[in-house]
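Asker: For the sequence shown, position 14 matches number 23 in my numbering, and the numbering has no gaps at all.
A virtual CB, placed ideally from N, CA and C, is assigned to each residue, including glycine.
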Amino acid sequence: MSISRRQFLKLCGATGAAISVSGSLIPEIVAAMEKAAAGNPPVVWIQGSGCTGCSVSLLNTVHPNIAEVLLKIISLKYHPTIMASAGDKAFEYLFQTADKNKGKFFLAVEGSIATGAGGKYCIPGKLKGKEVTFVEMMKDLGPKAAAVLALGQCGAYGGIPAGKPNPTDSKGVMDFFKDHGIKTPVINIPGCPPHPDWMVGTIAHVLMFGIPELDSDGRPTLFFGTNVHDNCAYRSYYEEKKFAKLFGEEGCRLELGCKGPESFSDCWKRGWNNNVNWCIHNSLCLGCTEPGYPDRFAPFYEKTTG
Ligand code: SF4
Ligand code: SF4
């Protein structure tokens, strides 16, 4: 069974109530991915300065189907959190995989790149007894990859590790590549953490149809093309100037610090945890998909926008 790009975009853009792309990976997408994956394009997932929240977000909500997708379809060759092997041998295998699949593998980067102190703030492993910094990993693996998926706020824009005063001089993949003249295409999938549908949907698009349309911040418009505030269920309260003064009160959350007017994502229709809830229902939008988060939106619980 095959699926056209138009059908794929329609399925990914459906509401969370109708489909969780990563949760159920409806049969058409799975079948199309299996077909497209003849030859199994390898995906290598590495982690720099971060909290592993992107991996947790991916794995928490999609069990068990994601295991099948990651192992059988995407051909995940390396993932420090979920793979059984560890230590020097596993680390060696990572670099061997990149060399063997030069120009063909996709590099998923979770966490930011700590460039301060010659990269010594982040040392993921050793090769032949010598410590290898994450900076060195990015310089080696980045140019060999077909494309990089910069995951989460940290991978995309530096995120919390890059927040002021940023003592480790952390940065996201795009900025790092600019600094080092690395030309590999980068797709940003921000969020703190990103929704699993954003990650799996983007990987599926890359494998089946190539790099999706990106906005000026390098994000797939498929998932990040709409404004939270323009589509929020509380928008009518905003128009009526009915603002909640306390959490739990009826009304728009603007006065409590909601950053929805400056945020672009489809959380408003996709929801989280299989569309059980989303930020604004219980609290407010913190702008986690935007460049400059967290500093740009601080303090979180004070009105800074709108
Ligand atoms: S300010 Fe926040 S709560 Fe109010 S309408 Fe906009 S996005 Fe919704
Ligand atoms: S509603 Fe705002 S803070 Fe919550 S996940 Fe979406 S963009 Fe991030």
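Identify which residue in L295, K192, F273 and K86 has its Cα closest to the Cα of A99.
Answerer: K86
Asker: Are S66 and P202 close, meaning C-beta to C-beta below 8 Å?
Answerer: yes
Asker: At the level of alpha carbons, what is the spacing between I132 and S58?
Answerer: 10 Å
Asker: Assuming S292 and F256 are in contact, meaning their beta carbons sit under 8 Å apart, how far apart are those beta carbons, in whole angstroms?
Answerer: 7 Å
Asker: Excluding five sequence neighbours on each side, which residues of the same chain lie with their C-beta closer than 8 Å to the C-beta of T106?
Answerer: Here the set comprises P51, V53, K86, Y87 and F114.
Asker: Taking only the alpha-carbon atoms, compute the straight-line gap between S225 and V182 and give it to the nearest angstrom.
Answerer: When rounded, the distance between both Cα atoms is 15 Å.
Asker: Between G219, P174 and G151, which has its C-alpha nearest A117's C-alpha?
Answerer: G151
Asker: Is the separation between the beta-carbon of F252 and that of E264 shorter than 8 Å?
Answerer: yes
Asker: Give me every residue whose Cβ sits closer than 7 Å to any heavy atom of ligand 4, in chain order.
Answerer: Absence of ligand 4 from the depicted structure is noted, with ligand 1 and ligand 2 being the only ligands included.
Asker: If you scan the stretch 122–168 from start to end, which runs of the beta strand (DSSP E) of 3 or more residues do you find wholly inside it?
Answerer: Entirely contained in the stretch 122–168, the beta strand (DSSP E) runs reaching 3 residues are, in chain order, 134–136, 139–141 and 156–160.
Asker: Going by DSSP, which residues form a beta bridge with L231?
Answerer: Answer by DSSP bridge pairing: none, since L231 is not bridged.
Asker: Along the chain, where does the beta strand (DSSP E) that runs through K86 open and close?
Answerer: L85 to Y87
Asker: So what does DSSP say about C261, is it helix, strand or coil?
Answerer: strand
Asker: Among D184, N283, G296 and A307, whose alpha-carbon lies nearest the alpha-carbon of L68?
Answerer: N283
Asker: Would you decide whether E311 is buried or exposed? Buried here means 16 or more other CB atoms lie within 10 Å of its CB.
Answerer: exposed
Asker: On the three-state DSSP scale, how would you describe A107?
Answerer: helix
Asker: Going by C-alpha distance, which of L231, V237 and C261 is nearest S245?
Answerer: A check of alpha carbon separations from S245 across L231, V237 and C261 identifies C261 as the nearest.
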